[in-house]
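Shown next, in structure tokens, is the structure this report addresses.
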Amino acid sequence: MTLSEAQFHDLVDAAQELVEDAFDDSDLDLDLENSGGVLTVRFENGSQVILSRQEPLRQLWVAARSGGFHFDYDADSGRWICDSSGEPLGELLGRVTREQAGEDLEFDEL
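With the UniProt record's numbering, letter number 38 in the sequence shown gets 38, and the count goes up by one each step, no holes.
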């Protein structure tokens with residue numbers, strides 16, 4: 001399925017909002033900044049996770065301490081899926097949060 005520009009932006013906005021809500025509802029000491037379509041999560045230890053939209057490719061990219069990850073939207077599952085590992089966005093975010101902040105956080109809706 002090829003996403004229109006509007007569909008792509010709506011899907012990324014929704015995903016970033018779910019990520020922000022999960023972090024806001026947690027007890028983690030962190031800073032969130034969403035500017036120009038880029039969501040930056042800064043943990044207390046100084047590490048970051050960055051979610052950015054790559055409009056020409058219709059991908060959502062995640063940069064974490066463990067590397068860079070590219071996600072395509074899968075309409076059948078309604079999820080963002082890593083193009084190299086098949087890992088859903090929510091699972092990856094849970095893993096990198098454990099690795100970088102030492103806390104378990106669920107991103108069930110992703």
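All C-beta atoms, glycine included, are put in the ideal place defined by N, C-alpha and C. Being a predicted model, the structure only gives us computed values, none of them experimental.
Item to check | Reduced DSSP secondary structure (H/G/I, E/B, other) of T97 | outcome: Translated into the one-based positions of the sequence shown, residue 97 becomes position 97. It is helical.
Next on the checklist: So, at 6 Å on beta carbons, what are the nonlocal neighbours of D24 in its own chain, with the 5 sequence-adjacent residues on each side left out?
Outcome noted: Position 24 of the sequence shown, counting from 1, holds the residue named residue 24. Hits under 6 Å: none found.
Item to check | the segment 36-43 in contact with the segment 5-20 per 3-pair CB rule at 8 Å | outcome: The segment 36-43 is in contact with the segment 5-20.
Checklist entry - Around the C-beta of R58, are 16 or more other C-beta atoms found within 10 angstroms, so that it is buried, or is it exposed? => result Looking up residue 58 in the sequence shown gives position 58. Answer is buried; the Cβ neighbour count reaches 16.
Next on the checklist: Report the CB separation of E20 from L32 in whole angstroms; it is logged as a contact under 8 Å.
Outcome noted: If you number the sequence shown from 1, residue 20 lands on position 20. If you number the sequence shown from 1, residue 32 lands on position 32. That pair is a contact at about 6 Å.
Next on the checklist: Once DSSP output is grouped into helix, strand and coil, what is the label at L92?
Outcome noted: Position 92 of the sequence shown holds residue 92. It is helical.
Checklist entry - Based on the DSSP output, what are the partners of F69 in its beta bridges? => result Within the sequence shown, numbered from 1, the residue matching residue 69 stands at position 69. In the DSSP output, where bridge partners are listed per residue, F69 has V62.
Checklist entry - Pick from L93, W61, T97: whose alpha carbon is nearest that of D83? => result In the sequence shown, residue 83 corresponds to position 83, counting from 1. Checked all of L93, W61, T97; the closest Cα to D83 is W61.
Checklist entry - In angstroms, rounded to a whole number, what distance separates the CA positions of E99 and D29? => result For the purposes of this step, residue 99 is identified with residue 99 of the sequence shown, where counting begins at 1. For the purposes of this step, residue 29 is identified with residue 29 of the sequence shown, where counting begins at 1. Each residue's alpha carbon lies about 15 Å from the other.
Checklist entry - Terminal residues of the continuous alpha helix (DSSP H) containing L11? => result Along the sequence shown, read from residue 1 onward, the residue named residue 11 stands at position 11. Per DSSP, L11 belongs to the alpha helix (DSSP H) from 5-24.
Checklist entry - Nearest CA to the CA of F69: which residue from A22, P56, L89? => result Start at 1 with the first residue of the sequence shown, and residue 69 comes out as number 69. The option with the nearest alpha carbon to F69 is L89.
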